[in-house]
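Numbering (our numbering), first residue to last: 1 to 213. Reviewing the structure listed below.
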């Protein structure tokens, strides 16, 4: 069911946004896998088997993205995911990425839950300890043609309300997706927006360890 045509990786280094140069540049990285959409051109009521097939794809993409960014897992502070569905597909085919893409990054970054609880939207852990990557992975998706761009949202990996880490990364794969393809995307970042200064919950003030605050 899984046929990958291309894998596209990009890493950007942001040193300033017209203010002082940051002591440590912000890194944002994205990886997109271009897959054949097995449901293109037809309505398939049972698409869940593909979600299971995508799990190892998500794990491999997360590992490859971290390697491309050349930082250890504990440097990652933000994450997000998304999908661009070719014109012969439907939005729900992109929704198949919610569990495989999100779970893969959370597992890589230290979450101590399991995929059964994650797929049910639960945050229980195997050990009773919260681990890391507690926050839900934000997501977006759309139907688009070859070269379509997607603004993939980013939030803090441990608390969705950390305002300094509200961000997005524009991702596009030249020439993809065709009408019969899907691009599944993962995004990670190493910190807050450069020059973040709009208040709100700070990462250093996370206290509840519930994925929110």
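We put the beta carbon where it would ideally sit given N, CA and C, even for glycine. Quantities reported herein were computed from a predicted structural model and do not represent experimental measurements.
Local Cβ density within 10 Å of residue i, reported as buried at 16 or more and exposed below that
{"i": "residue 3", "result": "exposed"}
{"i": "residue 150", "result": "buried"}
{"i": "residue 30", "result": "buried"}
{"i": "residue 15", "result": "exposed"}
{"i": "residue 81", "result": "buried"}
{"i": "residue 134", "result": "buried"}
{"i": "residue 43", "result": "exposed"}
{"i": "residue 104", "result": "buried"}
{"i": "residue 207", "result": "exposed"}
{"i": "residue 50", "result": "buried"}
{"i": "residue 23", "result": "exposed"}
Spatially closest choice to residue i from the options, by CA coordinates
{"i": "residue 28", "options": "185, 11 and 43", "result": "11"}
{"i": "residue 90", "options": "175, 79, 180 and 70", "result": "180"}
{"i": "residue 85", "options": "138, 208, 192 and 36", "result": "36"}
{"i": "residue 73", "options": "95, 110 and 102", "result": "110"}
{"i": "residue 60", "options": "162, 18, 193 and 33", "result": "33"}
{"i": "residue 77", "options": "182, 184, 162 and 174", "result": "162"}
{"i": "residue 188", "options": "210, 106 and 131", "result": "106"}
{"i": "residue 88", "options": "40, 112, 102 and 49", "result": "40"}
{"i": "residue 108", "options": "96, 79 and 83", "result": "79"}
{"i": "residue 5", "options": "211, 209, 212 and 177", "result": "177"}
{"i": "residue 70", "options": "83, 23, 100 and 9", "result": "9"}
{"i": "residue 190", "options": "7, 210, 165 and 182", "result": "165"}
{"i": "residue 46", "options": "100, 142 and 96", "result": "96"}
{"i": "residue 145", "options": "1, 131, 174 and 152", "result": "174"}
Three-way DSSP call (helix, strand, coil) for residue i in this model
{"i": "residue 178", "result": "coil"}
{"i": "residue 5", "result": "strand"}
{"i": "residue 160", "result": "coil"}
{"i": "residue 149", "result": "strand"}
{"i": "residue 167", "result": "strand"}
{"i": "residue 12", "result": "strand"}
{"i": "residue 82", "result": "strand"}
{"i": "residue 109", "result": "coil"}
{"i": "residue 66", "result": "helix"}
(request) Decide yes or no for the touch test of the segment 41-57 against the segment 196-210: beta carbon pairs closer than 8 Å, at least 3 of them. (result) With the cut-off at 8 Å, the segment 41-57 and the segment 196-210 do not touch.
(message) Three Cβ pairs or more, each shorter than 8 Å: is that satisfied between the segment 201-208 and the segment 167-178?
(response) As far as the Cβ criterion goes, the segment 201-208 does not touch the segment 167-178, which means the pair count is below three.
(request) Identify every run of the beta strand (DSSP E) within the segment 17-44, keeping only runs that are complete inside it and at least 3 residues long; order them along the chain. (result) Correct list: 26-36.
(message) With three or more C-beta pairs closer than 8 Å as the rule, is the segment 59-68 touching the segment 153-167?
(response) Taking 8 Å as the limit for Cβ pairs, the verdict is that the segment 59-68 does not touch the segment 153-167.
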